[in-house]
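Note sheet for the following structure.
There are 2 protein chains.
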Amino acid sequence: MVKYPSGSLATFRKSTEEPKIRTNFQHRKNVSFSGRGMTLEQMINESNKYYRLKEMAVVHKKPTPVQIVKVDYPKRSRAVIREAYFRQESTTDYNGVYKGYYLDFEAKETKNKTNFPLKNFHEHQIVHLEECLKQQGICFTIIGFTSLKRYFVTPASFIIKAWWTKDKSSVTLSEVEKWSVEIKSGFQPTLPYLIAVDHFITDRNMNNGKQ
Amino acid sequence: MVKYPSGSLATFRKSTEEPKIRTNFQHRKNVSFSGRGMTLEQMINESNKYYRLKEMAVVHKKPTPVQIVKVDYPKRSRAVIREAYFRQESTTDYNGVYKGYYLDFEAKETKNKTNFPLKNFHEHQIVHLEECLKQQGICFTIIGFTSLKRYFVTPASFIIKAWWTKDKSSVTLSEVEKWSVEIKSGFQPTLPYLIAVDHFITDRNMNNGKQ
Chain P
1216 MVKYPSGSLA
1226 TFRKSTEEPK
1236 IRTNFQHRKN
1246 VSFSGRGMTL
1256 EQMINESNKY
1266 YRLKEMAVVH
1276 KKPTPVQIVK
1286 VDYPKRSRAV
1296 IREAYFRQES
1306 TTDYNGVYKG
1316 YYLDFEAKET
1326 KNKTNFPLKN
1336 FHEHQIVHLE
1346 ECLKQQGICF
1356 TIIGFTSLKR
1366 YFVTPASFII
1376 KAWWTKDKSS
1386 VTLSEVEKWS
1396 VEIKSGFQPT
1406 LPYLIAVDHF
1416 ITDRNMNNGK
1426 Q
Chain V
1216 MVKYPSGSLA
1226 TFRKSTEEPK
1236 IRTNFQHRKN
1246 VSFSGRGMTL
1256 EQMINESNKY
1266 YRLKEMAVVH
1276 KKPTPVQIVK
1286 VDYPKRSRAV
1296 IREAYFRQES
1306 TTDYNGVYKG
1316 YYLDFEAKET
1326 KNKTNFPLKN
1336 FHEHQIVHLE
1346 ECLKQQGICF
1356 TIIGFTSLKR
1366 YFVTPASFII
1376 KAWWTKDKSS
1386 VTLSEVEKWS
1396 VEIKSGFQPT
1406 LPYLIAVDHF
1416 ITDRNMNNGK
1426 Q
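Protein chains in written order, with our numbering: chain P, 1216 to 1426; chain V, 1216 to 1426.
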């Protein structure tokens, strides 16, 4: 199994075994190798930056919510937070706007090869996705099977339904394959997830505003 | 001049001088008096909560971005952040979804009575609003003239134009009146800003997708 998360050369050396991954290989410095060695979050952040620079979409990751209790203001230096606590999030990690559509999504990864455990999602994320769907947002999850280097953009409706299903603790890879748009990690952007969003928008428009 | 921000009884005692404010007076505990004594941020947060519970819109304030450097994990107690720094924000404070529309806004208040200083907005907020406008988001600012207890929902396009105008350091109250939808603070929600958003949506649809 490939080590994960990994930025080590070990991953790179293995590339002869997986020739198709090398299609985006670049010899310049500081260039990512099709997202290799990056976490899913890094891949999405890079893609969001690309989309923003190209004026294709404006999507940001939300900061981690923190309850600040004590702040020091040292002379000739910037403020230092000396006591703070993590707060419960009430939303998903990402939202933004694309061609007038509201996008909202959560990204999760697993090392598993055959299924994705639903406990990766928290109830507040599921509830938030439900709320946004009711407001006609384009809501989805990006699921990374990191050992397989496969990435899926899955409509929130599928994950919500699975999450609330009694005694269902995971979704299988084949279920994810059936309900998602698979995205190949590339060079620019690292994870071109708007391709999947375009599919969802087309589907919605065909279904008369229903997703 | 009314003290601000104020939750003190002094404000309340003055209410006989301003009888129209009392229309929403309630004798129950923990009930806000039409937003009196609340900051603009508190009013918006309360309104967002109301809109969410009523399934009218899903809008959240983004957490303050913090760079976390050191975290302690005490036994039998939750994690404590012991060193962290404020990071530069890259967006506005609020975004969300309403009837399929992407909403993005910043809220600012002034104690001034005749003008609103543009230095209240930071460049990154102006740039972010521009980016979201290009993606057809509904972008605006909520400006509170707290001494006057007047609240305006102002299209981002007006503020952006004023902000980039050389030698223009503020917008006058009459300019704000001309370009905005004024919102009366009420009981539920405290600041019914979606009324203004409906105006913007109607205007946009009349103008064929242009705002």
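We treat Cβ as the ideally placed atom computed from N, Cα and C, and that holds for glycine.
{"Query": "The stretch 1286-1297 of chain V: positions lying closer than 8 Å to chain P by Cβ", "Result": "R1293, A1294, V1295, I1296 and R1297"}
{"Query": "Which residues DSSP lists as bridging S1385/V, in chain order", "Result": "P1332/V"}
{"Query": "Proximity winner among Q1303/P, K1326/P, I1341/P and P1332/P, relative to F1320/P (alpha-carbon distances)", "Result": "I1341/P"}
{"Query": "Chain P within 8 Å of T1307/V, Cβ atoms only", "Result": "no"}
{"Query": "Range of the contiguous alpha helix (DSSP H) that encloses T1417/V", "Result": "L1409 to M1421"}
{"Query": "Strand pairing of P1278/P, partner residues [DSSP]", "Result": "In the DSSP output, where bridge partners are listed per residue, P1278/P has none listed."}
{"Query": "Test: T1356/P CB closer than 8 Å to a CB of chain V", "Result": "no"}
{"Query": "Alpha carbon of S1400/P to alpha carbon of R1365/P, nearest angstrom", "Result": "8 Å"}
{"Query": "Local conformation of E1298/P per DSSP, three classes", "Result": "strand"}
{"Query": "Identified DSSP bridge partners for I1398/P", "Result": "Y1366/P"}
{"Query": "Y1313/P - DSSP class collapsed to helix/strand/coil", "Result": "strand"}
{"Query": "8 Å Cβ cutoff, H1186/V in contact with chain P", "Result": "Residue 1186/V lies beyond the residue range present for chain V, which begins at 1216 and ends at 1426; the question has no answer from this structure."}
{"Query": "Close Cβ partners of L1363/P (< 7 Å) along its chain, the five nearest in sequence each way excluded", "Result": "K1328"}
{"Query": "Interface residues of the stretch 1309-1343 of chain P facing chain V [CB-CB below 9 Å]", "Result": "N1310, G1311, V1312, Y1313, K1314, G1315, Y1316, Y1317, L1318, D1319 and H1343"}
{"Query": "Close beta carbons around K1415/P, own chain, < 6 Å, minus the five adjacent residues each side", "Result": "Note on residue identity: the sequence assigns Phe, not Lys, to residue 1415/P. Only I1353 meet the Cβ criterion."}
{"Query": "DSSP state of L1318/P mapped onto helix, strand, coil", "Result": "strand"}
{"Query": "Span of the alpha helix (DSSP H) around N1260/V", "Result": "L1255 to L1268"}
{"Query": "Distance between E1256/V and K1276/V (C-alpha atoms, nearest Å)", "Result": "9 Å"}
{"Query": "In DSSP terms, what D1308/V is bridged to", "Result": "Answer by DSSP bridge pairing: none, since D1308/V is not bridged."}
{"Query": "Residues from the stretch 1264-1287 of chain V in contact with chain P, defined by Cβ distance under 8 Å", "Result": "R1267, E1270, A1272, V1273, H1275, K1277, P1278, T1279, P1280, V1281 and I1283"}
{"Query": "Min CB distance F1415/P to chain V below 8 Å", "Result": "no"}
{"Query": "Within 8 Å, strictly: CB atoms of K1314/V and Q1351/P", "Result": "yes"}
{"Query": "Spatial distance of T1361/V from G1311/P (CA atoms)", "Result": "30 Å"}
{"Query": "Endpoints, alpha helix (DSSP H) assigned at S1292/V", "Result": "Segment: none, S1292/V is in no alpha helix (DSSP H) and carries neither H nor E."}
{"Query": "Residues that DSSP places opposite I1353/P in a beta bridge", "Result": "L1318/P"}
{"Query": "Proximity below 8 Å, CB of R1297/V to CB of V1281/V", "Result": "no"}
{"Query": "Contact list for Y1300/P against chain V, beta-carbon separation under 8 Å", "Result": "R1293, A1294, V1295 and I1296"}
{"Query": "Neighbouring residues, chain V, relative to Q1350/P (Cβ below 9 Å)", "Result": "E1270, M1271, A1272, V1273, G1311, V1312, Y1313, K1314, G1315 and Y1316"}
{"Query": "Cβ of E1392/P within 8 Å of any chain V Cβ", "Result": "no"}
{"Query": "Local Cβ density within 10 Å of E1324/V, reported as buried at 16 or more and exposed below that", "Result": "buried"}
{"Query": "C-beta neighbour in chain P for M1421/V, strict 8 Å", "Result": "no"}
{"Query": "Rounded C-alpha distance that separates Y1265/P from R1291/V", "Result": "43 Å"}
{"Query": "Coarse secondary structure for K1326/P, derived from DSSP in three states", "Result": "coil"}
{"Query": "Start-to-end residues for the alpha helix (DSSP H) that takes in A1272/P", "Result": "Where A1272/P is concerned, there is no enclosing alpha helix (DSSP H), given that its DSSP letter is neither H nor E."}
{"Query": "N1335/P versus Q1303/P: straight-line alpha-carbon distance, rounded", "Result": "15 Å"}
{"Query": "Distance CB(I1375/V)-CB(L1344/V) smaller than 8 Å", "Result": "yes"}
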